[in-house]
Amino acid sequence: MARVTFHEERCKGCRLCAVFCPKGIITMSGHINAMGFHPATVSEPEKCTGCATCARMCPDLVIEVEKEAKKVG
Numbered sequence: 001m002a003r004v005t006f007h008e009e010r011c012k013g014c015r016l017c018a019v020f021c022p023k024g025i026i027t028m029s030g031h032i033n034a035m036g037f038h039p040a041t042v043s044e045p046e047k048c049t050g051c052a053t054c055a056r057m058c059p060d061l062v063i064e065v066e067k068e069a070k071k072v073g
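Mapping the sequence shown onto the UniProt record's numbering, position 20 (from 1) lands on 20, and the numbers just tick up by one.
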């Protein structure tokens with residue numbers, strides 16, 4: 001499993017992350033941030049594979065993806 005963090009205060013709501021997410025789990029939030037945009041959010045975080053496509057597509061670098069380390073043994 002992976003953890004995706006959106007820095008919502010900087011998100012311009014361009015939707016590129018949502019369009020390119022292979023799992024289709026990124027949506028636009030219902031609230032408006034301080035810049036006047038609907039920021040992106042992950043609707044089903046448990047389905048995130050940590051591929052980081054969303055982070056690579058974000059023109060404003062507002063997405064961080066952290067993969068959990070695999071347990072050995």
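All residues carry an ideal CB built from backbone N, CA and C; glycine is no exception.
All values derive from a computational prediction rather than experimental measurement.
- Between K67 and F37 a beta carbon distance of about 28 angstroms is seen, past the 8 angstroms cut, so the two are scored as non-contacting.
- The DSSP assignment places 2-6 and 26-28 as complete runs of the beta strand (DSSP E) inside the UniProt domain "4Fe-4S ferredoxin-type" (2-31), in order along the chain (cut-off: 3 residues).
- Fully contained in the segment 37-65 are the following alpha helix (DSSP H) runs of length 4 or more, in chain order: 53-57.
- In this structure, P39 sits near E8, with a CB-CB distance shorter than 8 angstroms.
- In this structure A34 is exposed. Its beta-carbon is surrounded by fewer than 16 other beta-carbon atoms within 10 angstroms.
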